[in-house]
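Down below is the structure, laid out as structure tokens.
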């Protein structure tokens, strides 16, 4: 066998290796250890390196896109040397995800060119009024209107509570004031303009807005500077309604009880207040400096928020009171921002395709797409839209809250301390986890508290790929006989992988049936084992099956095949960093080239943000709602059949998931010829 | 002397009389007694008869218009027979005024051709909705809008409280409902339409409105059928704020005290509620079937009603918070009608020329007059407008509440039991009174409780004309030495004149100085003497002087002489039946031909009624407010001088009141040649 010279950059360490040597082996010999959470099976993609020059052969590039390969990326554990080569080892930080926690301030870029004067309905005008004299004895309001007229504000409507203070405020401010004015709204596009607040002096720089997404499980919000258009901060919290039911159906039932509707309204408002208070405090503003809010959310959530009884949403023929609520005042809806701020709920189209989806269609650009696009928002419900700029059809399927970390024993929201990614060693079945936390923390400092949606999805995929559970989601007896196996796998992010040495069984009989232990009590922040139970797996399976069935039936209903879909946009609680491979592996997403799939995060709050900023965007979301056609799955006999077929990993029909079938074999230790040749 | 035959109709009794016989003497001889409250001095006009044929000579026709004389009217006490004649004695009921009390239901004619569909902003639509199905799963609101679209209602705005009940109401009504909708208002002439109420079945016939006038002293309201336009009933009550100050200035001061503003607001709202409740009960409707209200009143009253601090109204340069308040909801202003009913306050133009005056200008037709017209509203303040369809100037003068019966020892509002007219016998100084009551009551049944504005005015005029008080308003010593004089004068209306016999002095020293006794304790409903004191007279003098000074200065300010005024319209608390002669005699109104003077009653509530009915009328009152120019009397040095000159009866410059000078001589017993010749 020929010997070749390998050069590792940026350290410029060189090494002589024989043809066919795996890059990971060479690196180990050179003392350059890479993290290999999956145990060198080419599944986690964490060992990606860049081949700057020379000749290598990639046995598998399953974690890499075509563009990645073109850029020279190779998986060190799956790539053998065939000639002299120079290999760049990327800095680990660069392939770490940018970690998001509720405590880290995050600025969201303004999504389009923003001109406050042109786009914004709520603006501040700093004006100096003429003082009254016997010769100029106009009333206070006319005086204010006179000062505002050159700014394009005429026939100002002043709500009574503000009118009652008008005289005193003008005089105390010595006739120099800042008027916060709502020029118009979508219901009254020609005005009249309405005074929201009158402040002494020039305070025209501090006009804030809130874009709010009310999820069944999670409430998210952006704090937006309405002058610059920038979303300066975001925050999220579990919807306090969860204690009264985990999905919309149980909430609707609870709302029908005596006092239930009022209680659910108070609970969600308390959550919103909590989120907004956090944002206000972090950014040193007062809640009543928030002069405008847009709200997205599914129809049930918006009904509960507005105090509308949702009862008819649950009963055939599934009717909402209103899909497109009129703007209201914050004081009317009980929102703790400026009491006269307009609160505008975005439009939904049906009981189960709400404003979160129209907002998502706006934020994702779906409604302007040329290509046939499938959009899915995975929250407690899964809502799916198929179409392009010419037509849109939508349906909904009840996924349950599992993917939001709720309804799962050790589930939690995707915040600091959540296990967000899991790899399982195919041989030892030992997990490597990544915990959401501060990348600056010393490794191992941050102990996990639970598992968030993306972690659950990854864990299920890994358990399936490594053969710990079977296609039906059942734990396989004897699959994890190999206890106390190979040495430590490099820790990633925060908590490291388990150390070497003899271990108790990862798969065991727990209080609720069989379960897999992801982290032992002495490794966790809670002092208790973090596990995934059979019941949890069943919940996850039902969730993913409902969504996949939704895809199938929706596409079928308009005569489209899933393989014709050119783009798949995934929104929702998973966040932006969901592992697409694993989502396909469990059969949640259709098996298609990964570059066609984009993960967009919370498009509902993003759409609310866009509508908050601009009249045009607000009009656009209204147009989307009018254009979108709702398909009622419960009226479609094929749905249940499609759901049942999808209750397997990845699906009863394995031919729909060709790439998964390949990896699954690999994961179960069925080595391919190259691997066999290597030994 | 020649003898003539007199025939009296309708009895056809005949009598032979000599030339020069007074008709009253002839009637007495024929056993036909007429009431002669003034003692036969030609001042009361109550002895008017119609000369159907023959020849008579009228010594005085001062109580008759030229048209009356043309029609044959003559005063029996002032007319002598010169040839055979036929005399018609009118039925007494026909010259009795139509008595108004709060207990009598009065329908006000619709003031213009009214077409609810064309004119009215608040209408009821009875509609049947399509029931939802899986194939037609539109939301409830869209379903309602679909049903209303053929009626011209689109983009319906549904206030949140109603939206919260929308679903249940539609279903309980089995999808057949009556929608009460406000199509637009002056602030939003293009809508969007707003749902006020949604009722089961067809209730489109019961849509009510209220036209309200908030006076400083009296609150008046009409209950209006918005379908037919008819004002089916009216009611009035003292403004409960009176206990916190009798004029606007003392109210403003009270409002500045801690809690004062809120208290005054509650007080006036309680009065409105009392008045409306009375109207509702009498007409068998509920208060929440009143779906619209318009409110007129002076600027201070509207500020207090709306909860706007009126402080700056009192202080130079006299600035209101707002002259033209925006429409609000009944629930916002605390009005006890339907909570979502629009409450529209009419526009004022200045601190002391408020919506009562623009309403009056609308109701009186002043703003469309060709002739130079003087309009005066005599309430607690006197507001005066001069102009025609091309221009309008206005001013205000503080008259005090005397003419509304407040601030006067025995004053009361013009309701049942109030003395509304007084005549004093020039010889005996004994009074004859007319009391507001039911004309159907047996004579003498109704005892007086006090004196209302018109009664006070009449009493002052009579005291002056009969020489009981002098030009300065002081009681003249010895003027009523003749105690226990001639026999009874015929009773009029209710309580009759005092009987024959010896009497105590009508003028006496009372607890508060000199006073005149109008009714003795044993004749009154209260068991106490009803008197007019020197202090009362001073109050009345100041009130009338302020108003006359206002006329003078306003006319002077635009270079017009009062004699050029072609019409004088008198509105306000006096009601429609004020005695014009007596108003001129005390110098309240300018001395001009009586036919140019019209008494209009409460034009403020009438204007509110017109604005309640029609968009056009509402636009018109807005245009009036924009056209009217306010003259600030306090900035005019000539006002105080004019006021001082007017502090006499009728005025220091007697040449301004030529007709009064003539009667005054007559009243003091200075017989003219004819009377001398008669004896």
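Chains as they are written, first to last, in this note's numbering: chain A, 1267 to 1945; chain B, 1267 to 1945. Each residue gets a CB set at the ideal place from its N, CA and C atoms; glycine is no exception.
Practice task
Flag residue 1619 of chain B as yes if its beta-carbon sits less than 8 Å from any beta-carbon of chain A, otherwise no.
Solution key: No, no contact with chain A.
Handout entry: Beta carbon proximity, residue 1369 of chain A to chain B, threshold 8 Å
Key = Low confidence applies here, because residue 1369 of chain A scores a pLDDT of 33, under 50, leaving its location unreliable; read the following figure in that light. No, because no Cβ of chain B sits closer than 8 Å to the Cβ of residue 1369 of chain A.
Exercise for the section: Can you tell me which of the three DSSP states residue 1380 of chain B falls into? Expected result: Coil, per DSSP.
Practice task
Please go through the same chain and pick out, in chain order, the residues whose beta-carbon is closer than 6 Å to the beta-carbon of residue 1672 of chain B, but skip the five residues on each side of it.
Solution key: Taken in chain order, the residues that qualify are 1483 and 1512.
Exercise for the section: Hey, could you find the ends of the beta strand (DSSP E) residue 1900 of chain B is sitting in? Expected result: If you look at residue 1900 of chain B, you'll find it isn't in any beta strand (DSSP E); DSSP assigns it neither H nor E.
Problem - Neighbour-count burial assignment, residue 1474 of chain A, 16 or more Cβ in a 10 Å radius - result: Residue 1474 of chain A comes out buried.
Problem - In DSSP terms, what residue 1525 of chain A is bridged to - result: In the DSSP assignment, residue 1525 of chain A forms no beta bridge with any residue.
Practice task
With residue 1279 of chain A as the anchor, note down where its beta strand (DSSP E) starts and where it stops.
Solution key: 1279-1284 is the span of the beta strand (DSSP E), which, as asked, contains residue 1279 of chain A.
Handout entry: Spatial distance of residue 1291 of chain A from residue 1352 of chain A (CA atoms)
Key = Distance between the alpha carbons of residue 1291 of chain A and residue 1352 of chain A is about 15 Å.
Exercise for the section: Apply the 10 Å Cβ neighbour rule to residue 1926 of chain A and answer buried if 16 or more other Cβ atoms are within range, or exposed otherwise. Expected result: So residue 1926 of chain A ends up on the buried side.
Exercise for the section: Measuring only between beta-carbons, confirm whether residue 1433 of chain A sits less than 8 Å from chain B. Expected result: At least one beta carbon of chain B lies nearer than 8 Å to the beta carbon of residue 1433 of chain A.
Exercise for the section: Closer than 8 Å, Cβ to Cβ, to anything on chain E: give me those residues from the stretch 1562-1589 of chain B, in chain order. Expected result: In the structure shown, chain E cannot be found, because the protein chains are A and B.
Problem - Where residue 1697 of chain B falls: helix, strand or coil (DSSP) - result: Three-state result, residue 1697 of chain B: strand.
Problem - Beta-carbon spacing of residue 1607 of chain A, residue 1596 of chain A below 8 Å - result: Contact annotation: residue 1607 of chain A and residue 1596 of chain A have beta-carbon atoms nearer than 8 Å.
Practice task
Check whether the Cβ atoms of residue 1454 of chain A and residue 1458 of chain B sit closer than 8 Å, and answer yes or no.
Solution key: With contacts defined as CB atoms closer than 8 Å, residue 1454 of chain A and residue 1458 of chain B qualify as a contacting pair.
Handout entry: Segment contact, 8 Å Cβ cut-off, at least three pairs: the stretch 1396-1415 of chain B with the stretch 1435-1445 of chain B
Key = Yes, the stretch 1396-1415 of chain B is in contact with the stretch 1435-1445 of chain B.
Problem - Cβ shell of residue 1778 of chain A (< 8 Å), same chain only, five flanking positions each side left out - result: Take residue 1778 of chain A, set aside five residues on each side of it, and the residues of its chain with a beta-carbon closer than 8 Å to its own are 1675, 1799, 1800 and 1801, in chain order.
Practice task
Mind checking who residue 1789 of chain B pairs with in its DSSP beta bridge?
Solution key: Partner(s): none; residue 1789 of chain B has no beta bridge.
Practice task
Determine, using beta carbons only, whether residue 1428 of chain A and residue 1588 of chain B come nearer to each other than 8 Å.
Solution key: Result no, Cβ atoms of residue 1428 of chain A and residue 1588 of chain B do not sit closer than 8 Å.
Problem - Helix, strand or coil at residue 1860 of chain B [DSSP, three-state] - result: In this structure, DSSP gives residue 1860 of chain B a helical state, which the three-state scheme calls helix.
Problem - the stretch 1851-1861 of chain A contacting the stretch 1530-1545 of chain A, beta-carbon criterion three pairs below 8 Å - result: Between the stretch 1851-1861 of chain A and the stretch 1530-1545 of chain A, the count of Cβ pairs shorter than 8 Å is below three; the stretches do not touch.
Exercise for the section: Could you tell me which of A:1466, A:1478, A:1580 and A:1726 sits nearest to residue 1218 of chain A, measuring between CA atoms? Expected result: Lying outside 1267 to 1945, the shown extent of chain A, residue 1218 of chain A is not represented and no answer is given.
Exercise for the section: Under 8 Å by Cβ, that's how I've got residue 1485 of chain A and residue 1541 of chain A pegged, so tell me the actual separation to the nearest angstrom. Expected result: Beta-carbon to beta-carbon, residue 1485 of chain A and residue 1541 of chain A are separated by about 6 Å, close enough to satisfy the 8 Å threshold.
Handout entry: 7 Å CB neighbourhood of residue 1806 of chain B in its chain, flanking five on each side removed
Key = The beta carbon of residue 1806 of chain B is closer than 7 Å to those of 1668, 1722 and 1726 in its chain, skipping five residues each way along the sequence.
Problem - Residues bridged to residue 1491 of chain A (per DSSP) - result: BP columns for residue 1491 of chain A point to A:1474.
Problem - Residues sharing a beta bridge with residue 1649 of chain A, DSSP - result: Here residue 1649 of chain A is bridged, per DSSP, to A:1643 and A:1662.
Exercise for the section: Find the residues of chain B that neighbour residue 1423 of chain A, judging by a C-beta separation of less than 8 Å, and give them in chain order. Expected result: By Cβ distance, chain B contributes 1453 and 1592.
Practice task
Report the rounded CA-to-CA distance for residue 1764 of chain A versus residue 1731 of chain A, giving the unit in angstroms.
Solution key: Unreliable positioning characterises residue 1764 of chain A in this predicted model, as indicated by a pLDDT of 39, which lies under 50. The coordinate reading is nonetheless provided below. Each residue's alpha carbon lies about 20 Å from the other.
Handout entry: DSSP three-state assignment for residue 1326 of chain A, whether helix, strand or coil
Key = Reduced to three states, the DSSP call for residue 1326 of chain A is coil.
Exercise for the section: Tell me where the alpha helix (DSSP H) around residue 1803 of chain B begins and ends. Expected result: Run containing residue 1803 of chain B: 1800-1823, per the alpha helix (DSSP H) assignment.
Practice task
Could you pull out every residue in the same chain whose Cβ sits closer than 6 Å to the Cβ of residue 1273 of chain A, ignoring the five residues on either side in sequence?
Solution key: Within the same chain, residue 1273 of chain A has close Cβ partners 1280 and 1352.
Problem - Nearest residue (CA-CA) to residue 1772 of chain A, options A:1682, A:1435 and A:1695 - result: Relative to residue 1772 of chain A, the option among A:1682, A:1435 and A:1695 whose CA is nearest is A:1695.
Problem - residue 1274 of chain A - containing beta strand (DSSP E), residue span - result: Taken as a continuous stretch (DSSP letters only), the beta strand (DSSP E) holding residue 1274 of chain A covers 1269-1275.
Exercise for the section: Using a threshold of 8 Å, state whether the C-beta atoms of residue 1869 of chain B and residue 1643 of chain B are closer than that. Expected result: Their beta carbons are under 8 Å apart, which means residue 1869 of chain B touches residue 1643 of chain B by this criterion.
Handout entry: Buried versus exposed call for residue 1861 of chain B [16 or more other C-beta atoms within 10 Å across all chains shown]
Key = The residue in question, residue 1861 of chain B, is exposed, as its Cβ has fewer than 16 Cβ neighbours within 10 Å.
Handout entry: Contact check, residue 1619 of chain A vs residue 1874 of chain A, beta carbons under 8 Å
Key = Between residue 1619 of chain A and residue 1874 of chain A, the CB-CB gap reaches or exceeds 8 Å.
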